[in-house]
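*Asks:* Have a look at the structure that comes next, please.
Numbering (our numbering), first residue to last: 105 to 628.
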């Protein structure tokens, strides 16, 4: 952890540097660097809990070619969909009708592609959702297609309605932290905050300036996303194609994604992506003489997989791509980052408001770092069976066979959609550490609809007098909800964290001492 030394020469230099900037006298509880979905969702969570938040965004406007269809299409996983539902945001997403992915949550169904692993599809009809025992009828979908621009618009609108200040065209260029705050440099301005969170992407200035170690593996390929005009479109087939030299995907005519297994050499070269270069790579990968007549847009990316060894350094924290990067295969990066925001928001707010039990903020790293590591390995595994060599092709064939079984498709879908996400429960009931099922109460209300205020909740199915008295005594941080549910999974009571994760559960007569212990871990 960072330990300030006010008498050091380094601090003297920092303080002199920041004093030259134009001062903004207001002090925010939290300054967030980055106004992407992760930064905006985190800002919403903090503001919902009563914190003052300033978001600084380098780009002058939120529009980008990478956010346009089809590049801007993202698959939202179960934890993300639940988080948006629990904050009343899911209904605001206007998913284009032609992009909806209505996965049938039934065992039977057509062989409609529901997703993929390393380009190998799995289908709705092969997925046995009855094995996901904690998903109740009426739960939000396990997967949903959304547009990045639409998601950012919804989150920006909510953040501003909650009083968040968003400044676009203001990049964080440096910062200095002390024991009681962080001073951020943006252009010629110096802005003070109690905490700083880097949500500023894979090239995070906050991560680099903050001295975070970013450990991981080097890339296997250079990836290309491009919008082109093709003179002879009949040369390329639509869809995803693994070839002896790489992979190409044509999602719509002229919209290409290409993987060239060059060890990431071109991406790191700094060379411009020209029409001629994209044509050369595409011909090599597709083994055709396809001709690109015009290049409208192109960018490169890799499968470099790295993760900050700690998500916190003093009063500076990381979330989203600033904390972890990996190949976009499977589209799990956005979901991972939004999960970071949902986990961090209420913990940081409680810390700021002095309502946090000891160690609460440190549990952010403890819970989210292992989830991030799993996603990085999931990404590496996909790359391993996509390599253009005989060993990878052999593995690919075996995985393909497994995915065409009920067990294999159910497991892969559950991993891709985040159904199996669980934090270390630390003992207790098997449901502890899981996302709370969307219990439907007798009056028709779903639990997710009762969580729009972002507070913790004690859910008492049996209207237990002692639990009610306990909840009244803890009403500052926990609200009490009682009543039977249509399906209770054999439970009598559940303590739910503000992020929707189960902190404690009881099947029979509640053990007051266990409830008190669990509440003391997560609530003041």
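C-beta atoms are modelled at their ideal positions from N, C-alpha and C, and glycine is treated no differently.
With three or more beta-carbon pairs closer than 8 Å as the criterion, would you say the region 359 to 366 touches the region 317 to 334?
*Replies:* Cβ pair count under 8 Å is three or more, so yes.
*Asks:* Determine, using beta carbons only, whether residue 461 and residue 273 come nearer to each other than 8 Å.
*Replies:* Against a cut-off of 8 Å, the Cβ pair of residue 273 and residue 461 comes out as no contact.
*Asks:* Can you tell which of 480, 257 and 191 has its C-alpha closest to the C-alpha of residue 321?
*Replies:* Ranking 480, 257 and 191 by Cα distance to residue 321 puts 480 first.
*Asks:* Check whether the Cβ atoms of residue 247 and residue 219 sit closer than 8 Å, and answer yes or no.
*Replies:* Cβ atoms of residue 247 and residue 219: closer than 8 Å.
*Asks:* Under 8 Å: do the region 299 to 318 and the region 416 to 424 share three or more Cβ pairs, one atom per stretch?
*Replies:* Touching, yes, given that three or more Cβ pairs across the two stretches are closer than 8 Å.
*Asks:* Looking at the unbroken alpha helix (DSSP H) that takes in residue 62, where does it start and where does it end?
*Replies:* Examination of residue 62 is not possible in this model, given that the chain is present from 105 through 628 alone.
*Asks:* Can the beta-carbon of residue 131 be found closer than 8 Å to that of residue 296?
*Replies:* Yes, Cβ-Cβ distance for residue 131 and residue 296 is below 8 Å.
*Asks:* Report the rounded CA-to-CA distance for residue 509 versus residue 515, giving the unit in angstroms.
*Replies:* Roughly 10 Å separates the two Cα atoms.
*Asks:* I need the boundaries of the beta strand (DSSP E) containing residue 248, first residue and last residue.
*Replies:* Segment 247 to 251, the beta strand (DSSP E) holding residue 248.
*Asks:* Taking a contact to mean a Cβ-Cβ separation below 8 Å, would you say residue 153 touches residue 136 in this structure?
*Replies:* No, the pair does not count as a contact, with Cβ atoms beyond the cut-off.
*Asks:* Restricting to Cα atoms, I'd like to know which of 451, 371 and 406 is closest to residue 431.
*Replies:* Comparing Cα positions, the closest option is 406.
*Asks:* Just how far apart, CA to CA, sit residue 533 and residue 492?
*Replies:* If you take the alpha carbons of residue 533 and residue 492, they lie about 46 Å apart.
*Asks:* So, under 8 Å CB-CB, residue 586 and residue 614 are touching, yes? Tell me the CB distance rounded to an integer number of Å.
*Replies:* Incorrect: roughly 13 Å between the Cβ atoms, too far for contact.
*Asks:* So what's residue 197 in DSSP terms, helix, strand or just coil?
*Replies:* Looking at residue 197 - three-state DSSP - the assignment turns out to be coil, as it is neither helix nor strand.
*Asks:* Would you mind sorting residue 356 into buried or exposed? The rule is 16 or more other CB atoms within 10 Å of its CB.
*Replies:* Label assigned to residue 356: exposed.
*Asks:* Check this for me: beta carbons of residue 604 and residue 149, under 8 Å apart or not?
*Replies:* No. Outside cutoff.
*Asks:* Cα separation between residue 193 and residue 553?
*Replies:* Going by the C-alpha atoms only, they are around 11 Å apart.
*Asks:* Return the residue from the list 404, 618, 259 and 267 that minimises the CA-CA distance to residue 331.
*Replies:* Per the Cα distances, 404.
*Asks:* Going by CA-CA distance only, name the one from 435, 575, 618 and 144 that's closest to residue 265.
*Replies:* Comparing Cα-Cα distances from residue 265 to each of 435, 575, 618 and 144, the minimum goes to 144.
*Asks:* Sort 195, 343, 581 and 334 by Cα distance to residue 217 and report the nearest one.
*Replies:* Per the Cα distances, 343.
*Asks:* Is it the case that the Cβ atoms of residue 630 and residue 240 are separated by a distance below 8 Å?
*Replies:* This structure cannot settle anything about residue 630, because the visible part of the chain is limited to 105 through 628.
*Asks:* With distance defined between alpha-carbon atoms, name the residue in 269, 536 and 450 nearest to residue 628.
*Replies:* Of the listed residues, the one whose Cα sits closest to residue 628 is 450.
*Asks:* Report the partner residues of residue 502 according to the DSSP bridge assignment.
*Replies:* According to DSSP, residue 502 bridges with nothing at all.
*Asks:* Check whether the Cβ atoms of residue 382 and residue 369 sit closer than 8 Å, and answer yes or no.
*Replies:* Contact: no.
*Asks:* How would you call residue 294, buried or exposed, if buried means at least 16 neighbouring beta carbons within 10 angstroms?
*Replies:* It counts as buried.
*Asks:* Nearest to residue 606 by CA position, among 577, 561 and 163, is which residue?
*Replies:* The shortest C-alpha separation from residue 606 is found at 561.
*Asks:* Who are the near neighbours of residue 444 in its chain, counting only those whose CB is closer than 7 Å to its CB and skipping five residues on each side?
*Replies:* Correct list, in chain order: 142, 423, 424, 427 and 472.
*Asks:* According to DSSP, is residue 109 part of a helix, a strand, or is it coil?
*Replies:* A caution first: residue 109 carries a pLDDT of 45, below 50, which makes its placement in the model unreliable, though a value can still be read off. Here residue 109 sits in coil by DSSP.
*Asks:* Hey, residue 159 and residue 139 are a contact pair by Cβ (cut 8 Å); roughly how many whole angstroms apart?
*Replies:* With 8 Å as the limit, residue 159 and residue 139 qualify as a contact, their Cβ atoms being about 5 Å apart.
*Asks:* Residue range of the beta strand (DSSP E) that residue 370 falls in?
*Replies:* Unbroken run through residue 370 is the alpha helix (DSSP H), 369 to 373; no beta strand (DSSP E).
*Asks:* Tell me which same chain residues have a C-beta within less than 6 Å of the C-beta of residue 651, skipping the five on either side of it?
*Replies:* Residue 651 lies beyond the residue range present for the chain, which begins at 105 and ends at 628; the question has no answer from this structure.
*Asks:* Tell whether a beta-carbon distance below 8 Å holds between residue 486 and residue 535.
*Replies:* Their beta carbons are not under 8 Å apart, which means residue 486 does not touch residue 535 by this criterion.
*Asks:* Mind checking which residues open and close the beta strand (DSSP E) that includes residue 354?
*Replies:* From DSSP, the beta strand (DSSP E) with residue 354 extends over 350 to 356.
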